[in-house]
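Here is the structure we will look at.
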Amino acid sequence: MSADKTRGPTRAKTGEETIAFTFDGTTYHARPGDTLAAALLANGVGLVGRSFKYHRPRGIMTAGIEEPNALVTVGKGGRAEPNTRATDLFVYPGMMVQSQNRWPSLAFDVAAIFGLAAPALGAGFYYKTFFGPAKHWLRYEAFIRRAAGLGNAPTEPDPDNFSQTAGFCDVLVVGSGPAGLKAALEAAEAGSRVMLVEQDAVPGGSLLRDPDPAIDPAAMVERIKALGGKVLLRTTASGYWDHNFLTLSQRLAEPGAVPPHGFAQRLWHVRAGRVVLATGLIERPVPFANNDHPGVMLSQAVRSYVRRWGVLPGQRVVIATNNDDAYLTAQALVEAGAEVVALLDARASGPAAPAGVTVYHDARPSSVTGRKHALRNVTAVIGGSEQSFDADLIAVSGGFVPVSHLHMQAGGKLTWNEEAQAFVPGETPQVCETIGSALHPPAAPAAAPAGKAKTSFVDFQNDVSLADIDLAWQEGYRSVEHLKRYTTLGMATDQGKTSNMTALSRLAEKQGVTVPQAGLTTFRPPYTPVTMGLLAGAGARNAGAHVRRIPLHDLHEAQEPIWQPLGYWFRPRAYPVDGEGLVAAALREAQTVRTVAGLSDVSTLGKFEVSGPDAAALLELVCATTVGKLAVGRGRYTFMLREDGFVFDDGTVWRLAENRYLLTSSTGGADRMAHHISYVRNSLRPDLKCSVVNVQEHYAGIALAGPGSRRILAALTGAEPPRHMGYAPGVLAGTPVHVLAASYSGERAFEIHVEATHAAEVWRAIEAATRAAGGAPYGLEAMELLRIEKGHVVVGGEVDGRSTPHDLGLGGMLNKAGGFIGAAGLTRPALSAPSRNNLVGLVSLEGPIPEGGMLIQRAGQSPQGHVTAAARRILEGGAIALALLEGGHKRHGEELIVTSPTRGEKARVRVTSPHFYDPAGERYRD
Amino acid sequence: MILPGNATVTETTSITMLPAAPLHALEIWGNPQAVATRVHKALGFALPVMNRSANNAATTLLRFEPTVWLVEGDVSVLADTLGDDAALTAIGGGIVRFRLAGPHWRELLLEGGVFDTSLAAFPVGAAAATVIDHVGVRLWAQSEDACVAYVPASYAQGLHHFWDDALPLLGT
C-alpha cells in the first residue's frame, strides 16, 4: 500500500466499505460492486502481479476482461482459480486472493533478476539456446519447469458442479452497451425471443463509464425481461460456431466463492436465429519505456474507476493520447479532484481541454519511472524536446480496437478503417451483424512511439517488447504468423487483446507496408479463458459419462464383489469369500464351474430381436455364417465382418419362431453393432420385410454353466432343458424366460434371458439352487480363465480389428454361399497370406506367461506375434495363453520365447492348438 | 425436498419414476396405408405422424422414427391388425419412465439437452427422441404441466441424479 497519501491510487472512505477480503494475507475492505481491481486501487494497492518472463512489477492496466497484467489466484483448495483477472472479479465477503509468479513475496521477487538478463532472453531465446544432445534437456528441464507458467493449478478436486444447458432464441445480442440494449429491446418489442448477454455483473457497457441520462440500462433490461427475453449477466459469449451456434460461459458464482446452489458456472449451447454483436471496443496501449509499470493505465479504464467505482487511480496524472476520447478522461479526473498535470496529444490539434489542463500537441510519452504502487515521473517528447512531469499516473490511449473476435469466429471478414487505424467487421457468412462502436471506432491517427524499444512493451503478459518484434524482423520473420510464434506475441491468456494491433503496426512499419498488407492473425474460441470444469460439465464427476447399471446391480452389491468397469458398465469381476484376493476367488469360481456349476450375470450382451418374413435374409447379410437353415428352436455361433473382411464382433443367433430371431453380440461391441445393424437395415436393405429392435436392456441375461447346470435348470423349470445350441421358452420362478443352450465356458451351459424387470426373482432362484448343488456365482475373471482354457475368442482381445475369420480358425464356418457383408473384402489375396497372424495356444515350459508379451524365436529377433490373453489351467495348473502368431496355424509344436521387456519378464513356450480343454466338445453333451 | 426412493419433489418440480409398464416397438415394413387403416379401425385413432402422439384409454402410440412407433399399454388389439406387414417387439424391460411435472419441466430438459423444449417447438402431444447429458431418451409432452421421459434402464439412476442436481438451477 502506498505510504504517501498524496500520491498513488486512493478512494475516500464513505462507510460503504463493508466487504472484507484478503490479498496476499492482508485484509482490505471493499464496497459492494467493486471489482478486485477497483478495491485494490481504492486501498492504495497498485502493485498486483509479476510478469511472466522477467518478473517485472505489474499493476492494473484496464478495467475489463482484456487485462493482461493483474492476474491473481482466487479461492483455496480445489476451488482455487489461477490466472483470474482482477478486473473481472467482483469482491465478495471472505474472498482470498494471492498474487502469482513471485517468490518470496510480491514486493521482493528474487526472480526479478531475470530482468537483468533480459538482453540475452529476447525473442527466440529457446530456439537459440537449447541446442545440443537431447540429454542436455535433463539439465534444463527442472529449472525451466519451475520458472514457467503463471498461477498454479489446484491439485485438489473441484468441489463444485458445472452446468451445461441448451438455449434457443430468435435474436441473441452480445453486449449490453447502448447499442446492444437498443437492439435487444427492439427485437423483444417486435415479438422475437431474445437473449441478451453481458459479461459484466451489471448492464450498461460504456454507459457505466460515460452515463447518458437518456438511457436507463436497468429499466431497459426489465422491459426486455417483461417481454419474455432472457438477460444473462456475468456471461461471456466465448465461442461462435457454425449455423449460428454459440457457446456462452456464465458465472453463477464468483471465482473461488462457494456457489449457492452448488453450481459454479454454466455453459450455454445457444442456437440463435440471428446474432447481433454489440461488443464495443478495447483501448490500445501506447508503447514507451517502462510502459508496464504500475501507474500506467488505459485512459478509459481510469475514467471507469473514477466514475463507476469512485476510485482515483492517481492524484497527479499525465494523459497521453492520439484521439479525442482521452479528453473525457481529463474531464472526469478534474471533476473527481485529481490534478491533470499534462495532456500529451500526439496530434497537431485536438478538442478543448477542461479548464486548468495544459495540452501539449505533437507530444508523446517516452518513459516513466516509478515506485512500488505508482509512478514517480513521466518523460515526454514534445515537439522534439524532452520534458519531465512529476506524476503518479499516466492514462494512455493509443486508439481503439473493435472487438471483432466473435465476428471472425463466425467466419466473418475484417476491413481496414484507415481513420481509426483499426480492423472493423465486414462481411459474414452467418446471420450475424455487428453494431455500435465496434463498427464505428473513433478516429485515432497513427503515432510513432518514443522511448527505448527494449522496455517498450507490446504484449504485457508474455513480456514481448518492440525490440523483440524488431529482432524477429531482423532475423527474417516476415509473416505475422511466424512473428507471433517466434516472439510468443498474443499467445498468452489474454490472446493479444491489447497487443496485436500495436505489434502489427510495428511489423507494417518495418516492412514498409500498410497494416492490412502486413496481415492479421486468426481469432479462435474461447474469447476469454474458460475453466476445464465448465467444458467437462457434469462429466467431470464420472469421467464423461454416466455409469450404466446392470439390472441386478443391487443383488450383486449385496455380495460385495470386486467390480470391473467394462465400457460404461460395471460388472462383478469376482465374488471373494473369506478374505480371498482376486486371483484366488477367480480360480475358486472357475473350478466350481468346471466341477459343479456356477452362475454369472451376462445382461450386458448385445441383443437384437429380428422379426418378419425377411429376417433370415437380413441376418445372412449381417452374419458371416449361415442362418437361413436354422430350424425353429436352434441356434449357432456366429460372427460379423466389416466391409473389408475383418471380424468386428461375434455372438449367437437363435430362431425363436418361424419369423423371429434373437441375435446376441459382445458387450463391448453392442453399441457398435446397434449402429451397424441399423445401417444395414435402413440404408443398405430398406426393402426387406423385417423389423430389428435392440433388446439389449429389455432382457437380463444369466449364464448357468457346469456339469450340474442341466439338472439345476430342469428342476427350476420343470422341463428338460434344450440340448447344446438349442432354444426353448420356459417359466422360471413364475417368470417367462428364454433358455438358450450356449456355452462360453466349455461346459454344458445355458443363458437364461428374462425381462429385466423380473430378473431379480430369476437370479435368486437360480443362485439358491446352484448353491444348494455346491455351486456359486462367478465373475468376469473366472469367465476369462474358462474361455481362455476353452480357446474361445473375445472381442477386444483376439478379435482386434485386424483378424480375419481364417486367422481365428473360423474360416470353416463362413457361409459358403457368400452374400454377407465382408465377403468381397475377404477375397483379397493379402487376407489369405500364409504369414498372417493366426490364433494359437501357448503352453509354458517354465513359469507364467506375461500377457501382452512379444513372441520371438531368439533374443534380438523382431517380434513374430503377441500374447493376447494369459491364464492357468483351471484344474491341473500350469500356464497357458492365447496368442496371435505369424503363420501360427502351421507352427504347432514349435518352441518360442515370450518376452515383455517393459516388465522384464520372459517365458519359454510351446505353440499348440488354442483349444486346451475338451477340444472335441464332449462336455457340451449330456 | 428429496424423498428417498423413486421420486424427487420440490415446491415447483417433481421427478417421479413410474411403475414398469408394457412397452413395445411397432415397426411397419409393408403396406403402410393398409396397416394404418386397420390400426385406426382397431384403436379408434390414427397412427400419429412423426414426432407426435395419439392415444385412447388403453394404448398410447408415440412416433420417433419413420417406420417405428413406441406403444405404451395394451397391445392385444393392435397385434391382431398387423398381419405380415409389421411386428411388435417387447422393450419395456429396458426402459424406465419418468414423469417430470411442474412449471419448470421444459427448462429441466434443457439441462444437458440439445433441443428446443419451448411450447412452440414442443407442444402438448409432441414426442421427441433426443439426448440428455449424453443419454439417448425419448420424450412425450403429456400435458402443459408434465412430460414423460423414456430412459434406458441402465441410465435411469444416473439421469435421475443428474436431474436432481439440476433442480436448484431451475427458474434462476
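Protein chains in written order, with the numbering used here: chain A, 79 to 1004; chain B, 9 to 180.
Even for Gly, the Cβ is constructed at its ideal location relative to N, Cα and C.
Only a predicted model underlies this, so the values are computations on that prediction, with no experimental measurement involved.
**Prompt:** Which term fits A/Gln1012, buried or exposed, when burial requires 16 or more other beta carbons within 10 angstroms of its beta carbon?
**Reply:** It is not possible to answer for residue 1012 of chain A, since the shown part of chain A is limited to 79 through 1004.
**Request:** Please state whether DSSP places B/Pro176 in a helix, a strand or coil.
**Result:** helix
**Request:** Could you pull the start and end residues of the beta strand (DSSP E) that B/Ile36 belongs to?
**Result:** 31 to 36
**Message:** Whole angstroms are fine: how far does the CA of A/Phe323 sit from the CA of A/Ala902?
**Reply:** 43 Å
**Request:** Compare the C-beta of A/Phe994 against all C-beta atoms of chain B and say whether one is closer than 8 Å.
**Result:** no
**Request:** Please say whether A/Leu345 and A/Pro337 have beta carbons closer to each other than 8 Å?
**Result:** no
**Item:** Minimum Cβ-Cβ distance from B/Thr89 to chain A less than 8 Å
**Value:** no
**Request:** Please report how far the alpha carbon of A/Gly127 lies from the alpha carbon of A/Gln242, in whole angstroms.
**Result:** 33 Å
**Prompt:** Cα separation between B/Asn156 and B/Gly110?
**Reply:** Reading off the sequence, residue 156 of chain B comes out as Val, not Asn. The straight-line gap from Cα to Cα measures roughly 12 Å.
**Request:** Determine whether the Cβ of A/Arg801 lies closer than 8 Å to any Cβ atom of chain B.
**Result:** no
**Request:** Go ahead and pull the three-state DSSP assignment for A/Ala522.
**Result:** coil
**Item:** Residues from the stretch 624 to 644 of chain A in contact with chain B, defined by Cβ distance under 9 Å
**Value:** His624, Val625, Arg626, Arg627, Ile628, Pro629, His631
**Request:** Determine, using beta-carbon pairs with one atom in the stretch 453 to 468 of chain A and one in the stretch 353 to 360 of chain A, whether at least three such pairs fall under 8 Å.
**Result:** no
**Item:** DSSP-derived helix/strand/coil call for A/Leu810
**Value:** strand
**Prompt:** Should B/Ile23 be flagged as near chain A, meaning a C-beta pair shorter than 8 Å?
**Reply:** no
**Prompt:** Is the CB-CB distance between A/Val374 and A/Ala410 below 8 Å?
**Reply:** no
**Request:** Determine the direct distance from the alpha carbon of A/Gly622 to that of B/Leu11, and round the result to whole angstroms.
**Result:** At B/Leu11 the pLDDT is 41, less than 50, meaning the model places this residue with poor confidence and gives no usable figure here.
**Prompt:** Cα separation between A/Glu829 and A/Phe724?
**Reply:** 27 Å
**Request:** Determine, using beta carbons only, whether A/Ser769 and B/Trp37 come nearer to each other than 8 Å.
**Result:** yes
**Asked** Residues of chain B with a CB under 8 Å from the CB of A/Tyr777: which are they?
**Response** Gly101, Gly102
**Prompt:** Are the beta-carbon atoms belonging to A/Ala379 and A/Met139 less than 8 Å from one another?
**Reply:** yes
**Message:** According to DSSP, is A/Ser761 part of a helix, a strand, or is it coil?
**Reply:** helix
**Request:** Could you pull the start and end residues of the beta strand (DSSP E) that A/His483 belongs to?
**Result:** That residue, A/His483, is in no beta strand (DSSP E); its alpha helix (DSSP H) goes 483 to 487.
**Asked** Using DSSP with H/G/I as helix, E/B as strand and the rest coil, what is A/Tyr1002?
**Response** helix
**Message:** With the cut-off set at 8 Å, would you say A/Thr703 and A/Leu904 are in Cβ contact?
**Reply:** no
**Item:** Enclosing beta strand (DSSP E) for A/Ala947 [first to last residue]
**Value:** 943 to 950
**Assumed close pair A/Gly779, A/His836 - CB separation to whole angstroms, cut-off 8 Å** = About 13 Å; that fails the 8 Å criterion.
**Item:** Reference B/Ile103, options B/Ala154, B/Leu147, B/Thr20, B/Asp92, closest by Cα
**Value:** B/Leu147
**Request:** Could you spell out the range, first to last residue, of the beta strand (DSSP E) harbouring A/Phe898?
**Result:** Segment: none, A/Phe898 is in no beta strand (DSSP E) and carries neither H nor E.
**Request:** Determine the DSSP secondary structure at A/Val674, reduced to helix, strand or coil.
**Result:** coil
**Request:** Identify the contact partners of B/Gln165 in chain A, using a Cβ-Cβ distance below 8 Å as the criterion.
**Result:** Arg627
**Prompt:** Mind listing which residues of the stretch 337 to 355 of chain A have their C-beta closer than 9 Å to chain B's C-betas, in chain order?
**Reply:** Pro338, His339, Gly340, Phe341, Arg344, His347, Arg349
**Message:** Is there a Cβ of chain B sitting closer than 8 Å to that of A/Lys767, yes or no?
**Reply:** yes
**Request:** State the DSSP-derived secondary structure class of B/Asn63, mapped to helix, strand or coil.
**Result:** strand
**Message:** Check this for me: beta carbons of A/Ile899 and A/Val731, under 8 Å apart or not?
**Reply:** no
**Request:** Decide if B/His32 is buried, meaning its Cβ has at least 16 other Cβ atoms within 10 Å, or exposed.
**Result:** buried
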